[in-house]
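Each remark here refers to the structure printed beneath this line.
There are 4 protein chains.
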Amino acid sequence: MIKAGDFVLLYHSEDFKFLVLVQETGMFSTHRGNLSFSDIFGKSFGDWVETQMGARFYLLKPTLSDLMLKVKRTTTIVYPKDTGLMLLQTLVFPGARVIEVGSGSGALTTVLANFVRPDGRVYSYEKRMEFSVNARENVARYHLEGVCEFFVADPAEQGFLQQEVDAVFLDVPEPWLLVGAAKRALKNGYALAALVPTVEQLRRLTSALGAERFVRIRAKEILERGLFLRETGIRPVDRMVAHTAYLVFAHKATVEEAAIKE
Amino acid sequence: MIKAGDFVLLYHSEDFKFLVLVQETGMFSTHRGNLSFSDIFGKSFGDWVETQMGARFYLLKPTLSDLMLKVKRTTTIVYPKDTGLMLLQTLVFPGARVIEVGSGSGALTTVLANFVRPDGRVYSYEKRMEFSVNARENVARYHLEGVCEFFVADPAEQGFLQQEVDAVFLDVPEPWLLVGAAKRALKNGYALAALVPTVEQLRRLTSALGAERFVRIRAKEILERGLFLRETGIRPVDRMVAHTAYLVFAHKATVEEAAIKE
Amino acid sequence: MIKAGDFVLLYHSEDFKFLVLVQETGMFSTHRGNLSFSDIFGKSFGDWVETQMGARFYLLKPTLSDLMLKVKRTTTIVYPKDTGLMLLQTLVFPGARVIEVGSGSGALTTVLANFVRPDGRVYSYEKRMEFSVNARENVARYHLEGVCEFFVADPAEQGFLQQEVDAVFLDVPEPWLLVGAAKRALKNGYALAALVPTVEQLRRLTSALGAERFVRIRAKEILERGLFLRETGIRPVDRMVAHTAYLVFAHKATVEEAAIKE
Amino acid sequence: MIKAGDFVLLYHSEDFKFLVLVQETGMFSTHRGNLSFSDIFGKSFGDWVETQMGARFYLLKPTLSDLMLKVKRTTTIVYPKDTGLMLLQTLVFPGARVIEVGSGSGALTTVLANFVRPDGRVYSYEKRMEFSVNARENVARYHLEGVCEFFVADPAEQGFLQQEVDAVFLDVPEPWLLVGAAKRALKNGYALAALVPTVEQLRRLTSALGAERFVRIRAKEILERGLFLRETGIRPVDRMVAHTAYLVFAHKATVEEAAIKE
Chain A
1 MIKAGDFVLL YHSEDFKFLV LVQETGMFST HRGNLSFSDI FGKSFGDWVE
51 TQMGARFYLL KPTLSDLMLK VKRTTTIVYP KDTGLMLLQT LVFPGARVIE
101 VGSGSGALTT VLANFVRPDG RVYSYEKRME FSVNARENVA RYHLEGVCEF
151 FVADPAEQGF LQQEVDAVFL DVPEPWLLVG AAKRALKNGY ALAALVPTVE
201 QLRRLTSALG AERFVRIRAK EILERGLFLR ETGIRPVDRM VAHTAYLVFA
251 HKATVEEAAI KE
Chain B
263 MIKAGDFVLL YHSEDFKFLV LVQETGMFST HRGNLSFSDI FGKSFGDWVE
313 TQMGARFYLL KPTLSDLMLK VKRTTTIVYP KDTGLMLLQT LVFPGARVIE
363 VGSGSGALTT VLANFVRPDG RVYSYEKRME FSVNARENVA RYHLEGVCEF
413 FVADPAEQGF LQQEVDAVFL DVPEPWLLVG AAKRALKNGY ALAALVPTVE
463 QLRRLTSALG AERFVRIRAK EILERGLFLR ETGIRPVDRM VAHTAYLVFA
513 HKATVEEAAI KE
Chain C
525 MIKAGDFVLL YHSEDFKFLV LVQETGMFST HRGNLSFSDI FGKSFGDWVE
575 TQMGARFYLL KPTLSDLMLK VKRTTTIVYP KDTGLMLLQT LVFPGARVIE
625 VGSGSGALTT VLANFVRPDG RVYSYEKRME FSVNARENVA RYHLEGVCEF
675 FVADPAEQGF LQQEVDAVFL DVPEPWLLVG AAKRALKNGY ALAALVPTVE
725 QLRRLTSALG AERFVRIRAK EILERGLFLR ETGIRPVDRM VAHTAYLVFA
775 HKATVEEAAI KE
Chain D
787 MIKAGDFVLL YHSEDFKFLV LVQETGMFST HRGNLSFSDI FGKSFGDWVE
837 TQMGARFYLL KPTLSDLMLK VKRTTTIVYP KDTGLMLLQT LVFPGARVIE
887 VGSGSGALTT VLANFVRPDG RVYSYEKRME FSVNARENVA RYHLEGVCEF
937 FVADPAEQGF LQQEVDAVFL DVPEPWLLVG AAKRALKNGY ALAALVPTVE
987 QLRRLTSALG AERFVRIRAK EILERGLFLR ETGIRPVDRM VAHTAYLVFA
1037 HKATVEEAAI KE
């Protein structure tokens, strides 16, 4: 039974859908008509409702991808296609303690929080106050604020307050400035992930990782292509996202410079 | 401190690495020399050891991707690039109860178990006994057997024993035969994910999903391309995986046939 | 020296460029100001001119890709990325005689005409009169009409008037209806190319090709991704064309059904 | 009727095919048996022959792609997927005079020669004698030597001997060293194309092009993916080429540095 405080994906089609926080009273308006929250109460997920103009909306349980894409955005968000691989190329699990810089709009924070809950922690750093506030609000709307701590700080200068974390995620314009701090915060042998849009950033980041003795430094990119599933024929969609960012992964080695003899 | 029973990724390079279960005694042999487990005890993750032939191996914490790719294979495995998106397009979280068919080699089982632990459950169905046994052994090696239940059964005939599960994952040659059973087992409004290699399977599956009143039926494919990060220049790798499977996602609607008036 | 009748690519940027037929008198208007043709006369390709509003346009020699993309469109056009491969997977050369169905907007016709001239021929079939007229006009604007013959006809019913052609290009919704006619028109052992947007069309076409004893039946798709070359960094563009059509290639075998013993 | 001196593609399957120059006498051996040239004489393209071991080979007319891929290689060759686009993004046509550096194995030379013949010219520069000789031999085998001139020289030092050419193609490790010479050789307003494998080369090349006042500088990459067309289902192939080179295109502007006021 859907109740106030639940998030519902009001789904008419992929191009006409809304992530809605169900409230005690009021209504939700679209250009195809309105829906009163009182009509949604008591319905089950999977049921449908219609606007007075006859537009049918299914009441679907939002996925993590939906939550990510529907955060209130103040920044470019990390995409689900990239986030998925980042989860598998690092160490994220229930109970994990992970660091994220920057908070951005909280899209990645949401995913990390979902998977480390209830006993883990996402330490989310952001140097721009307004972004941090927005990210926190987005996470709070999703009822995930209990596992997140937000810091308005620049770890390039101050480092991280945490130690022995299971993973570090960097999504900032100059991630190379954070590599040293990331190394100090990360568990030995564990992995860091970063996103950089340009090849120049990729070069600078991987150089910095090498200089800090990270090993297994790799870069990948992910392309996601949808398909049209029409009665008249299956075919890939017409247009797609061509690029979001290069994904970089590396593991922290304990080796000190002096010990290197490669 | 690494101890017996830990999994370690012995890492020399991407092309020369091993996922090893550290044991009390004995050694690990490679064509570049041997490593005695006694040399690994007491080391930290992130340290390195050398074979008597001088090949250096870093002792890295294996990621989920490493665990997936290093299961003992009796079947084609689900790839990390696809698994990542499947996690975000469905409802997986600590405590979730999810169904998987078939168990395959346990690669996807491993990932699902990692994210639903410690209170969730992965119900893993497989009709071929030897595959089920192998998948179970792989999961047990990773110490994740506590959250998994394996069933040697064909749910196309018998349905699933569970109800109200949070997600269903189908990775079988004829997933359309399982759509009805999946619908009965799944929570209302929640999502199913499936993998199919060919377009004909994609057509049959999406038809079956439509017939069972699933909504928001979508198909996607994921391409992952690595980059060479050489001193002499950054460039994409020479060759890549061109295709594994089409990913299909759909949500269960409650609507009965009789109620349809579209 | 640029003169009346020349085509010039007025180039400000990739997003603001025009393919212009230089005329004796008059001017060319843009939202960034006007250019008088008299200012262009006597200029060299590679020179630039400015509108009275200060927008600079380079006078560039248009490439085949420019000509294709700037035809007056009545239909979807064949894309350069696909056309390029089609030229190399068939037999096109100066002096070749090739068949094309349908004429579409004349984009592919333009390319074929460019490469078979001056002694070859492009026989371009189209069953819709208005498309044929438009295609012919586009080709004529490019001064390539001398090597093209346009037919308003449906070869599925009437076959082709030509025999012993070097290549056949099919870009119609139901290319399988033309496979028999194509076989009769094509030189033994030579190749046919076709474009089909959906997988169902691909299946029907390849079945028809097999039934008519074509051999070496192959399908491919081409993805083209641009890069931003900015001072601040190189990176792929944000969005790209995800799909135009599957490309199908096959060679005509002489073998008769009765002779098959595979 | 096939005769001595003809090139034939002996085609069993995509993985078992041979480009053969038919000779007066002798035979062609495969691990599936032998074919006597006397059995091929008098056959038509499109016919088939069988080895004494029962392997059937179709006698197909080779496409340009076949000729490219079957040159005797001393270097990495330019791929058909890239060549196709290069033809359309520059000015190549029957009668065109074009420059190519380096000759490589003659694969691109072959394609250019095919399309500029019989009255055009391909001026092919290569500084390594043995490569030039091999490229010339490959082109000669294809009976295209009449439209090609090979130069063993380094145009970075000596420039090109030609002027007012219609296109310049650069496929060398340091194409930026040739940009000035290319500019002097190229017709005003016409286009140059280059291939570079790494991003660092891309950066240096585009900088050099800008410094020499080339305009409309663009970079693209092409991905080609094949499909399996099996009775049991259509699906993309398992593995594909992930990268060959970035393609760079630019037009020569006449503008002098002093005139710039951008």
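Protein chains in written order, with this note's numbering: chain A, 1 to 262; chain B, 263 to 524; chain C, 525 to 786; chain D, 787 to 1048.
Backbone N, C-alpha and C fix where the C-beta goes; we use that ideal spot for every residue, glycine too.
Given the structure is predicted, the values throughout are model-derived calculations rather than measurements.
| request: Could you work out which residue in 427(B), 479(B), 515(B), 278(B) is closest to residue 362(B) when comparing CA atoms only? | output: One-based indexing of the second sequence puts residue 362(B) at position 100. Answer by Cα proximity: 427(B).
| message | 7 Å is my cut-off, CB to CB: does residue 234(A) come that close to chain B? | response | As a working note, residue 234(A) is residue 234 in the first sequence. Chain B contact via Cβ: present.
| field | 9 Å Cβ cut-off: residues of chain D touching residue 571(C) | value | Within the third sequence, the letter at position 47 stands for residue 571(C). The contacting residues are 974, 975, 1039, 1040, 1041.
| field | Chain-ordered chain B contacts of residue 723(C) [CB-CB under 9 Å] | value | In the third sequence, the residue the question calls residue 723(C) occupies position 199. Those are 461, 462, 464, 465, listed as they occur along chain B.
| Alpha-carbon to alpha-carbon, residue 850(D) and residue 793(D) | By 1-based counting over the fourth sequence, the position of residue 793(D) is 7. By 1-based counting over the fourth sequence, the position of residue 850(D) is 64. Computed Cα separation, rounded: 12 Å.
| said: So for residue 253(A), helix, strand or coil by DSSP? | reply: As a position in the first sequence, residue 253(A) is number 253, starting the count at 1. Correct three-state label for residue 253(A): coil.
| query | Using CA coordinates, which residue listed in 86(A), 21(A), 28(A) is at the minimum distance from residue 62(A)? | reply | Here residue 62(A) refers to the residue found at position 62 when the first sequence is read from its first residue. Looking at the Cα atoms, 21(A) is the closest of the given residues.
| Buried or exposed (CB count within 10 angstroms, at least 16 for buried), residue 1047(D) | Counted from its first residue, the fourth sequence places residue 1047(D) at position 261. Residue placement at residue 1047(D) cannot be trusted, given a pLDDT of 41 that sits under 50; the coordinates are not used to answer.
| task | Closer than 9 Å by beta-carbon distance: list the chain D residues that pair up with residue 749(C), in chain order. | result | Working through the third sequence from its first residue, we reach residue 749(C) at position 225. Going along chain D in sequence order, the residues near residue 749(C) (Cβ under 9 Å) are 1006, 1007, 1008, 1009.
| task | Give, in chain order, every unbroken run of the beta strand (DSSP E) that is at least 3 residues long and sits entirely within the segment 16–95 of chain A. | result | 16–21, 27–30, 33–36, 48–50, 56–60
| Looking only at its own chain, which residues have a Cβ that is under 6 Å from the Cβ of residue 810(D), when we skip the five neighbours before and after it? | Stepping through the fourth sequence from its first residue, residue 810(D) is reached at position 24. Once the five neighbours on either side are set aside, the close Cβ partners of residue 810(D) are 790.
| Given 8 Å as the limit, is there contact between the segment 299–312 of chain B and the segment 358–374 of chain B, that is, 3 or more CB pairs closer than that? | No, they do not touch.
| query | For residue 763(C) and chain A, any beta-carbon pair shorter than 7 Å? | reply | Taking the first residue of the third sequence as position 1, residue 763(C) is located at position 239. By this cut-off, residue 763(C) is an interface position.
| field | chain D contact residues for residue 504(B), given Cβ-Cβ distances below 8 Å | value | As a position in the second sequence, residue 504(B) is number 242, starting the count at 1. Result: 1011, 1012, 1022, 1023, 1024, 1025, 1026.
| What span of residues does the alpha helix (DSSP H) with residue 996(D) cover, start to end? | Indexing the fourth sequence from 1 puts residue 996(D) at position 210. Run containing residue 996(D): 985–997, per the alpha helix (DSSP H) assignment.
| query | From the beta carbon of residue 90(A), is the nearest beta carbon of chain B less than 7 Å away? | reply | Your numbering for residue 90(A) matches position 90 in the first sequence. Yes, because at least one Cβ of chain B sits closer than 7 Å to the Cβ of residue 90(A).
| request: Could you name the residues of the same chain whose beta carbon sits closer than 8 Å to that of residue 193(A), not counting the 5 residues immediately before and after it, in chain order? | output: Position 193 of the first sequence holds residue 193(A). So the list reads 86, 89, 90, 167, 168, 169, 170, 247, 248, 249, once near-sequence residues are dropped.
| field | residue 186(A) and residue 156(A) closer than 7 Å at C-beta | value | As a first step, residue 186(A) is located in the first sequence; it is residue number 186 there, counting from the start. As a first step, residue 156(A) is located in the first sequence; it is residue number 156 there, counting from the start. Judged by beta-carbon spacing, residue 156(A) lies beyond the 7 Å limit of residue 186(A), meaning their Cβ atoms are not closer than that value.
| task | State the CB to CB distance for the pair residue 411(B) and residue 385(B), rounded to an integer number of angstroms; the pair is presumed to be in contact (CB under 8 Å). | result | Your numbering for residue 411(B) matches position 149 in the second sequence. Your numbering for residue 385(B) matches position 123 in the second sequence. Sure, about 5 Å apart at Cβ, within 8 Å.
| message | Can you give me the C-alpha to C-alpha distance between residue 436(B) and residue 388(B), rounded to a whole angstrom? | response | Walking along the second sequence from the start, residue 436(B) turns up at place 174. Walking along the second sequence from the start, residue 388(B) turns up at place 126. Whole-angstrom Cα-Cα distance: 13 Å.
| query | Helix, strand or coil for residue 226(A) per DSSP? | reply | As a working mapping, residue 226(A) is identified with position 226 in the first sequence. Three-state DSSP puts residue 226(A) in a strand.
| In chain A, which residues lie less than 7 Å from residue 321(B) when you measure between Cβ atoms? | Position 59 of the second sequence, counting from 1, holds the residue named residue 321(B). The answer, in chain order, is 189.
| request: Please list, in chain order, all residues of the same chain as residue 181(A) whose beta carbon is under 6 Å from its beta carbon, the five residues on each side excluded. | output: If you number the first sequence from 1, residue 181(A) lands on position 181. The residues are 155, 159, 160.
| Pair within 7 Å by beta-carbon distance, residue 722(C) and residue 235(A) | Counting from one through the third sequence, the residue named residue 722(C) turns up at place 198. Counting from one through the first sequence, the residue named residue 235(A) turns up at place 235. A contact, by the Cβ cut-off of 7 Å.
| said: The beta strand (DSSP E) that contains residue 131(A), what's its start and end? | reply: Numbered from its first residue, the first sequence carries residue 131(A) at position 131. For residue 131(A), there is no enclosing beta strand (DSSP E); the residue is found in the alpha helix (DSSP H) stretching over 129–141.
| said: Output needed for residue 535(C): all residues of its chain with C-beta closer than 7 Å, excluding positions within five of it in sequence on either side, in chain order. | reply: In the third sequence, residue 535(C) corresponds to position 11, counting from 1. Same-chain partners within the cutoff: 541, 581, 582, 584.
| Whose C-beta lies closer than 8 Å to the C-beta of residue 72(A) among residues of the same chain, with five residues either side of it excluded? | Looking up residue 72(A) in the first sequence gives position 72. Here the set comprises 105, 134, 137, 138.
| message | Classify residue 1029(D): buried if its beta carbon has 16 or more other beta carbons within 10 angstroms, exposed otherwise. | response | For this step, residue 1029(D) is matched to residue 243 along the fourth sequence. Classification of residue 1029(D): buried, given that the 10 Å Cβ count is 16 or more.
| field | Cβ-based burial, residue 820(D) [other Cβ within 10 Å; buried from 16] | value | Mapped onto the fourth sequence, residue 820(D) falls at position 34. Result: exposed.
| Ends of the alpha helix (DSSP H) at residue 180(A)? | As a position in the first sequence, residue 180(A) is number 180, starting the count at 1. Note, residue 180(A): alpha helix (DSSP H), 179–185.
| field | residue 233(A) - partner residues in DSSP beta bridges | value | In the first sequence, counting from the first residue as 1, residue 233(A) sits at position 233. Residue 233(A) pairs with 230(A).
| Are the CB atoms of residue 605(C) and residue 748(C) nearer to each other than 7 Å? | Along the third sequence, read from residue 1 onward, the residue named residue 605(C) stands at position 81. Along the third sequence, read from residue 1 onward, the residue named residue 748(C) stands at position 224. Yes, they are a contact pair.
| said: On the DSSP bridge list, what partners appear for residue 717(C)? | reply: On the third sequence, residue 717(C) is found 193 positions in, with the first residue counted as 1. In DSSP, residue 717(C) forms a bridge with 693(C), 773(C).
| query | Taking the Cβ atom as the reference point for each residue, do residue 289(B) and residue 298(B) lie within a distance shorter than 7 Å? | reply | Taking the second sequence and counting its residues from 1, the one referred to as residue 289(B) is at position 27. Taking the second sequence and counting its residues from 1, the one referred to as residue 298(B) is at position 36. Yes; because the gap between Cβ atoms is below 7 Å, this pair is in contact.
| said: My assumption, with CB atoms under 8 Å, is that residue 19(A) sits in contact with residue 66(A). Please give the rounded CB distance. | reply: Position 19 of the first sequence, counted from the first residue, corresponds to residue 19(A). Position 66 of the first sequence, counted from the first residue, corresponds to residue 66(A). At roughly 6 Å, the Cβ-Cβ gap stays under 8 Å, so residue 19(A) and residue 66(A) are in contact.
| query | Does DSSP put residue 931(D) in a helix, a strand or coil? | reply | Within the fourth sequence, the letter at position 145 stands for residue 931(D). In this structure, residue 931(D) counts as helix in the three-state DSSP scheme.
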